[in-house]
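The numbering of the sequence shown is my numbering, which starts it at 93 and goes up by one. Some notes on the structure that comes next.
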Amino acid sequence: MNAVPIGFGVALPKKCVKNSDLPKDLETSDEWIISRTGICQRYIAENETTASLASEAAHNALKYANISKDEVDLIVVGTVTGDYTFPSSAAVVQKNLGISRGVAFDVNAACSGFIFALDVANSYIKLGKAKCAIVIGAETFSRIVDWSDRSSCVLFGDGAGAMVLQAQEDTDRGIKSCKIYSDGNYADCLFTSGGVSTTQNAGFVKMRGREVFKFAVEKFHELLNDLLHENHMNVNDIDLLVPHQANSRIIQKFIELSGIEEKKVLINIDKYANTSAASIPLAINDVGARFFSGGNVVLLSMGAGFTWGSALIKL
Ligand code: UT7
Numbered sequence: 093m094n095a096v097p098i099g100f101g102v103a104l105p106k107k108c109v110k111n112s113d114l115p116k117d118l119e120t121s122d123e124w125i126i127s128r129t130g131i132c133q134r135y136i137a138e139n140e141t142t143a144s145l146a147s148e149a150a151h152n153a154l155k156y157a158n159i160s161k162d163e164v165d166l167i168v169v170g171t172v173t174g175d176y177t178f179p180s181s182a183a184v185v186q187k188n189l190g191i192s193r194g195v196a197f198d199v200n201a202a203c204s205g206f207i208f209a210l211d212v213a214n215s216y217i218k219l220g221k222a223k224c225a226i227v228i229g230a231e232t233f234s235r236i237v238d239w240s241d242r243s244s245c246v247l248f249g250d251g252a253g254a255m256v257l258q259a260q261e262d263t264d265r266g267i268k269s270c271k272i273y274s275d276g277n278y279a280d281c282l283f284t285s286g287g288v289s290t291t292q293n294a295g296f297v298k299m300r301g302r303e304v305f306k307f308a309v310e311k312f313h314e315l316l317n318d319l320l321h322e323n324h325m326n327v328n329d330i331d332l333l334v335p336h337q338a339n340s341r342i343i344q345k346f347i348e349l350s351g352i353e354e355k356k357v358l359i360n361i362d363k364y365a366n367t368s369a370a371s372i373p374l375a376i377n378d379v380g381a382r383f384f385s386g387g388n389v390v391l392l393s394m395g396a397g398f399t400w401g402s403a404l405i406k407l
């Protein structure tokens, strides 16, 4: 049984904030942000929430897939910025979509959230425990950044993206491999300064940027080498590579190390900034039909935990 992507959809907050719109007292500049990160703008939630964005993205993905909500038996949301401590954002999405069957839950893997959620859904489908799954990455990081800390607040944006996976037999299409990893020894490189059981609030994003940067480049390179080796492929067999969008310089360094043709690697951080778990599905939406035009698509992520993961999808 293969898990085959049959639809995708996204949702963005209405408000777009360009670098030049950021508060003047942040003492940052369009020039610094673009040259150090590649970011030009980000979307910031006002009335929207993580679950409302996730629900809209899921609705759009179901529409794209031409699938009835009644066929969905699994919803997995990758997020660290849920609407509530409980219920899960996935449960809110289930309610918003009018679904009352199957199971819905969140996974917490920060920027790797989409690939972790994809791995769960792929495993459910392969084991015959689900036939139709919606995998969602959704975040409102603007709610947990410290808007007085220029070294982190300029980096993030809000949004959501969803993918519908369907169980299909007798096909070589679908998810060929999905690998996820973590090493909690790096927890203090990227974390929030609070939480329910410590400070009784969500805290703010704290990051040792240079260490995260270095780790991301190394892990992207290692993930790709392992994926190619395990699937008996070389870098030229890849048609499209969608990495998590944290910094265009991380992606450029990875391109240099891996030797992959630059035109095959998607970079869209200029439009959305780092949307954490939403970045990969937002990027998939940007390539649109190209994603479904056949060939080998590779997804790579790295995030707080540290967590990291890869997926190879044949379309
Ligand atoms: O999704 C996973 C999570 N995040 C990441 O993967 C991010 C990984 N890290 C990075 O992308 C980069 O490390 C940053 C973009 C966060 C920082 O870039 P950097 O080249 O490592 O800069 P830095 O932190 O070493 O700071 C260089 C200078 C400092 O000034 P001094 O000490 O040299 O005078 C900072 O104070 O840049 C200053 N700076 C800023 N200046 C203007 C830091 N943030 C800003 C800012 N505007 N927003």
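Backbone N, C-alpha and C define an ideal beta-carbon position, used for all residues, glycine too. Nothing here was measured: the structure is a model prediction, and the numbers come from that model.
Cross-strand partners of residue i (DSSP beta bridge)
{"i": "tyrosine 273", "result": "Trp400"}
{"i": "tyrosine 176", "result": "BP columns for tyrosine 176 are empty, so no partner."}
{"i": "lysine 268", "result": "None, per the DSSP bridge assignment."}
{"i": "asparagine 388", "result": "Lys406"}
Residue i beta carbon near the ligand UT7 (any heavy atom closer than 7 Å)
{"i": "alanine 201", "result": "no"}
{"i": "asparagine 326", "result": "no"}
{"i": "glycine 253", "result": "no"}
{"i": "glycine 395", "result": "yes"}
{"i": "phenylalanine 305", "result": "yes"}
{"i": "alanine 370", "result": "no"}
{"i": "serine 402", "result": "no"}
{"i": "isoleucine 342", "result": "yes"}
{"i": "valine 172", "result": "no"}
{"i": "asparagine 339", "result": "yes"}
{"i": "asparagine 111", "result": "no"}
{"i": "leucine 282", "result": "yes"}
{"i": "isoleucine 159", "result": "no"}
{"i": "alanine 308", "result": "yes"}
{"i": "methionine 299", "result": "yes"}
{"i": "leucine 374", "result": "no"}
{"i": "leucine 391", "result": "no"}
{"i": "threonine 120", "result": "yes"}
{"i": "valine 334", "result": "no"}
{"i": "arginine 242", "result": "yes"}
{"i": "threonine 129", "result": "yes"}
{"i": "arginine 302", "result": "yes"}
{"i": "tryptophan 124", "result": "yes"}
{"i": "valine 246", "result": "yes"}
{"i": "asparagine 366", "result": "yes"}
Assumed close pair residue i, residue j - CB separation to whole angstroms, cut-off 8 Å
{"i": "glycine 414", "j": "isoleucine 359", "result": "As shown, the chain starts at 93 and ends at 407. That puts residue 414 outside it, with no answer to give."}
{"i": "isoleucine 136", "j": "aspartate 250", "result": "6 Å"}
{"i": "alanine 103", "j": "glutamate 138", "result": "At roughly 14 Å, the Cβ-Cβ gap does not stay under 8 Å, so alanine 103 and glutamate 138 are not in contact."}
{"i": "alanine 153", "j": "phenylalanine 100", "result": "5 Å"}
{"i": "arginine 265", "j": "leucine 404", "result": "With a Cβ gap of about 12 Å, arginine 265 and leucine 404 do not count as contacting."}
Pair within 8 Å by beta-carbon distance, residue i and residue j
{"i": "isoleucine 267", "j": "asparagine 328", "result": "no"}
{"i": "glycine 397", "j": "isoleucine 272", "result": "no"}
{"i": "alanine 369", "j": "cysteine 203", "result": "yes"}
{"i": "valine 212", "j": "valine 199", "result": "yes"}
{"i": "leucine 282", "j": "valine 304", "result": "yes"}
{"i": "valine 164", "j": "aspartate 175", "result": "no"}
{"i": "glycine 229", "j": "phenylalanine 206", "result": "yes"}
{"i": "asparagine 293", "j": "glycine 286", "result": "yes"}
{"i": "alanine 259", "j": "lysine 223", "result": "yes"}
{"i": "leucine 319", "j": "serine 269", "result": "yes"}
{"i": "serine 436", "j": "histidine 336", "result": "Lying outside 93 to 407, the shown extent of the chain, residue 436 is not represented and no answer is given."}
Minimum Cβ-Cβ distance from residue i to chain D less than 8 Å
{"i": "leucine 257", "result": "The structure shown contains no chain D; it is built from a single protein chain."}
Contact test: residue i Cβ vs the ligand SAH heavy atom, cutoff 7 Å
{"i": "asparagine 360", "result": "Absent from the structure shown: the ligand SAH. Ligands present: the ligand UT7."}
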